[in-house]
Each structure stands twice: as C-alpha cells, then as structure tokens.
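In this note's numbering, the protein residues as written are 32 to 186.
Heads up: the structure comes next, in structure tokens.
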Amino acid sequence: MKVNIKHASISDDVVLGENITIVQPVNLYGCSIGNNSFIGPFVEIQRNAHVGDHCKIQSHSFICELVKIGNNCFIGHGVMFINDLFAEGGPAGGDSTKWRSTIIGNHVSIGSNATILPVTICDHTVIGAGAVVTKNILQPGIYAGNPAKLIRKLQ
32 MKVNIKHASI SDDVVLGENI TIVQPVNLYG CSIGNNSFIG PFVEIQRNAH
82 VGDHCKIQSH SFICELVKIG NNCFIGHGVM FINDLFAEGG PAGGDSTKWR
132 STIIGNHVSI GSNATILPVT ICDHTVIGAG AVVTKNILQP GIYAGNPAKL
182 IRKLQ
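If you want it as structure tokens, here you go:
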C-alpha cells in the first residue's frame, strides 16, 4: 500500500509583504499576503488568493482559490470560503473553470464560523458569527443569519 503524506508548509511561491506574523502549522501556497498581516495556526490559503495589508486571519480558517481580501480586514476563527457552487449537482473537482471568485472589501470583519460563498462584500461591513453569505453585500452594515441578512446599516 502506497501512502502519500503531505505536511503543512509555506511554499516558495507565496508572496509575503513586510512585517508578517505566521503561526505554524499553516498551509500556504501560491497566494499573497500584504504588509503587517497576521495568519493564525491551522489556516490554509490556496493558490491565487490574496490577503491585503493589516489583516488578521484567525485559526482554522480556509481561504480557497480566487478569494481576494482587502485591507484592514478581520477573519474570525473557522471561517470558510467556498469557490465551488456544485452547479452541476456535485463538486467541480479540478475543473477550475467552474469555480467562482469572492471579493472582500476593505475594513470588513467576518465572525467565527461564517461561511462565505462566491460573493462580493463591500467596504465597512460586519458579518456575524455563523452567518452564511449567499448573495453580494453592496451596502455597509451588520449582516447575520442563514442566509445572511442586513441587521443594521453602518454609516
């Protein structure tokens, strides 16, 4: 029996800004992380994902391909980003043409255990813990629930 064991790592193709804090173990490959950002333990950030400047990514979060996180963002513990909508009734597998992108604006906070489908979230938005974001958020505010709905506008 052949066993292929892979270890958590930071690959050579990761682009890191200045003054980055990374707490091992993490799995980072083909991504970029901006200046003065923090990456907690047990985080995976995949290829073609970007984390902006002054961001904090808490433990056990998963940032898949095609996710772009703006500057001054907070991603709570266990936040999951999704890029495959199972459009044909099952996973797209390695067919990245079926994956969709997610764009997170600047000054966005996402609470622990939230799930973010392929959407756009505008600047100055708070996503509550455990929320499931299924649609674009185009107005600053506090959103919570499943599916996430506007709870209160922010100025």
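Positions of the beta carbon are idealized from the N, C-alpha and C atoms, including for glycine.
Close-in-space but distant-in-sequence residues of the same chain around residue i (CB under 6 Å, 5 per side omitted)
{"i": "His91", "result": "Phe73, His108, Gly109"}
{"i": "Val87", "result": "Inspection of the sequence shows that residue 87 is occupied by Lys rather than by Val. Result list for Lys87: Phe69, Phe105, in chain order."}
{"i": "Gly18", "result": "In the structure displayed, the chain extends from 32 to 186; residue 18 sits before or after that span and is not available."}
{"i": "Glu49", "result": "Asn66"}
{"i": "Gly169", "result": "First, the residue type needs correcting, since residue 169 is Leu and not Gly in the sequence shown. Excluding residues within five positions, the ones whose Cβ falls inside 6 Å are Cys153."}
{"i": "Ser140", "result": "Phe105, Val157"}
{"i": "Asn103", "result": "His85, Asn137, His138"}
Inter-residue Cα distance where the pair is residue i and residue j
{"i": "Thr156", "j": "Val150", "result": "13 Å"}
{"i": "Asn137", "j": "Ile106", "result": "12 Å"}
{"i": "Phe93", "j": "Ala80", "result": "11 Å"}
{"i": "Lys180", "j": "Gln55", "result": "35 Å"}
{"i": "Gly142", "j": "Met32", "result": "42 Å"}
{"i": "Pro122", "j": "Ile76", "result": "19 Å"}
{"i": "Asp43", "j": "Ile64", "result": "13 Å"}
{"i": "Glu119", "j": "Lys166", "result": "19 Å"}
{"i": "Ile41", "j": "Thr52", "result": "13 Å"}
{"i": "Val57", "j": "Ile182", "result": "34 Å"}
{"i": "Leu116", "j": "Gly124", "result": "11 Å"}
{"i": "Gly176", "j": "Thr128", "result": "30 Å"}
Under 8 Å between C-beta atoms of residue i and residue j
{"i": "Phe112", "j": "Ile147", "result": "yes"}
{"i": "Asn67", "j": "His85", "result": "yes"}
{"i": "Val45", "j": "Leu59", "result": "yes"}
{"i": "Gln89", "j": "Gly101", "result": "no"}
Close Cβ partners of residue i (< 8 Å) along its chain, the five nearest in sequence each way excluded
{"i": "Pro171", "result": "Cys153, Asp154, His155, Thr156, Lys184, Leu185, Gln186"}
{"i": "Asn114", "result": "Cys95, Glu96, Leu97, Val98, Trp130, Arg131, Ser132, Thr133, Pro149"}
{"i": "Val164", "result": "Ala145, Thr146, Ile147, Leu148, Val150, Ile152, Ile158, Tyr174, Pro178, Ala179"}
{"i": "Thr62", "result": "Reading off the sequence shown, one finds Cys at residue 62, where the question assumed Thr. Only Val45, Val46, Ile76, Gln77, Arg78, Asn79, Ala80, His81, Val82, Ile94 meet the Cβ criterion."}
{"i": "Asn35", "result": "none"}
{"i": "Asp126", "result": "none"}
ask   = Which full runs of the beta strand (DSSP E) of 3+ residues lie inside the segment 116 to 170, going along the chain?
value = 133 to 135, 139 to 141, 156 to 158
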